[in-house]
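Structure first, then comments.
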Amino acid sequence: MIHFDNPTIQLLAMEQSAHDSNCTADDFLLAENVFCESVQNPKAHRYLELPLVCDLTSYGSNVVVSARKDLLPQLRELINSQPMYKWFETPFVYRLNDLLAESASRVCFMAEYFLPDVDKIFESAKALENGIPYELKLLCQSDFESLYSGLWGNALCEARRELDVLGVGAYDGGRLIALAGSSADAENFWQIGVDVLPEYRHKGIASAITNRLAREVFNHGKIPFYCAAWSNIKSVRNALRSGFKPGWMQLSAKSNEYIEGMLR
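Take a look at the structure:
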């Protein structure tokens with residue numbers, strides 16, 4: 016297993032975000048905002064559809080804006096008019112939507128991304144697994160073939176099956192009751208998603224399998240990460256219990272057509 020410490024993970028995460036946003040890792044540490052044209056990059060997260068209309072990413076110091084070139088002058092004037100954190104609050108999202116309207120786009124995704132706290136991931140492992148009476152099994156890609164159904168839509172992604180590489184299942188008498196899956200979304204980073212059957216929720220299963228899968232991802236020489244919509248309190252709590260901590264936040268715009276498709 017490759018050893019990762021928290022500062023190294025943070026640096027690698029910013030380097031990955033730099034591939035996504037067409038900037039440098041150091042840009043996320045600046046006091047002033049950074050504005051970049053969004054371009055194709057084979058090293059970007061594989062779930063991204065580049066180039067982006069408009070994307071705001073922050074590790075807490077500033078906002079890095081990656082957007083269409085023609086939008087950058089207006090975005091620069093708008094984003095620089097307010098403190099960094101304001102652009103992740105609803106009243107200012109409305110102003111951003113007004114700007115994007117001319118491009119037939121609007122804000123679509125607002126999420127927080129979590130990185131592993133290495134010490135907590137491993138220190139909490141025994142207590143989390145001992146806290147549940149269910150068998151845990153490590154699963155590989157070939158085990159997922161029969162699982163692409165509505166039950167496991169967070170743990171697995173049918174549209175990108177080839178990226179679903181590793182999982183941990185919880186079983187009650189041979190029945191799969193919960194699944195954490197990881198997708199190879201970048202060279203160094205595998206994303207974790209988790210599903211638990213309704214009748215088995217609130218029993219500590221999600222955090223046990225998320226933590227176990229995070230450790231297995233480390234064993235494969237990769238870094239686990241976790242994403243949750245800000246409104247999904249259950250998912251955020253799971254991230255924290257499993258040994259993750261806030262890493263960065265991201266707001267992304269999509270075309271109106273894309274958004275209407277989601278709503279349907």
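Following our numbering, the numbering of the sequence shown begins with 16 at its first residue and continues without gaps. Glycine residues also receive a C-beta, built at the ideal position from the N, C-alpha and C atoms. What you are looking at is a predicted structure, and each value in this text was computed from that prediction instead of being measured.
- F103 sits close to M125, with the two beta carbons spaced by under 9 Å.
- Close CB contacts of P66 within its chain, under the 6 Å cut and outside five residues either way in sequence, are with S53 and V54 (chain order).
- Secondary structure of Q55 (DSSP, three-state): coil.
- The C-alpha of W205 lies about 19 Å from the C-alpha of E160.
- By the neighbour-count definition (other C-beta atoms within 10 Å, threshold 16), C155 is an exposed residue.
- A contact between stretches requires three or more CB pairs, one per stretch, nearer than 8 Å, and the region 118 to 134 meets this requirement with the region 226 to 245.
- Contact between I220 and Y149 holds, with the beta-carbon distance rounding to 7 Å and staying under 8 Å.
- At least 9 Å separates the beta-carbon of V183 from that of L143.
- If you check the CB distance, I248 and V232 do not come in under 9 Å.
- By the 16-neighbour rule on beta-carbons within 10 angstroms, T225 is buried.
- Contact between A195 and A170 holds, with the beta-carbon distance rounding to 6 Å and staying under 8 Å.
- Along the length of the region 201 to 230, whole beta strand (DSSP E) runs at least 3 residues long occupy 204 to 211, reported in chain order.
- Look at Y100 here: in three-state DSSP terms it is helix.
- The beta carbons of L27 and Y74 sit no closer together than 9 Å.
- Per DSSP, the beta-bridge partners of T72 are V79 and Q265.
- Bridge partners of D179 according to DSSP: S198.
- If the five residues before and after K269 are omitted, its C-beta is found closer than 6 Å to the C-beta atoms of C123, all from its own chain and listed in chain order.
- Between W263 and V79, the alpha-carbon positions lie close to 11 Å from each other.
- Taken through DSSP and simplified to helix, strand or coil, K152 comes out as strand.
- About 6 Å separates the CB atoms of L178 and D200; that is less than 8 Å, so the two are in contact.
- Between the alpha carbons of K237 and L191 lies a gap of roughly 26 Å.
- In summary, Q89 is exposed, with fewer than 16 beta-carbon neighbours lying within 10 Å of its beta-carbon over all protein chains present.
- In the structure shown, S139 adopts coil according to DSSP, grouped into three states.
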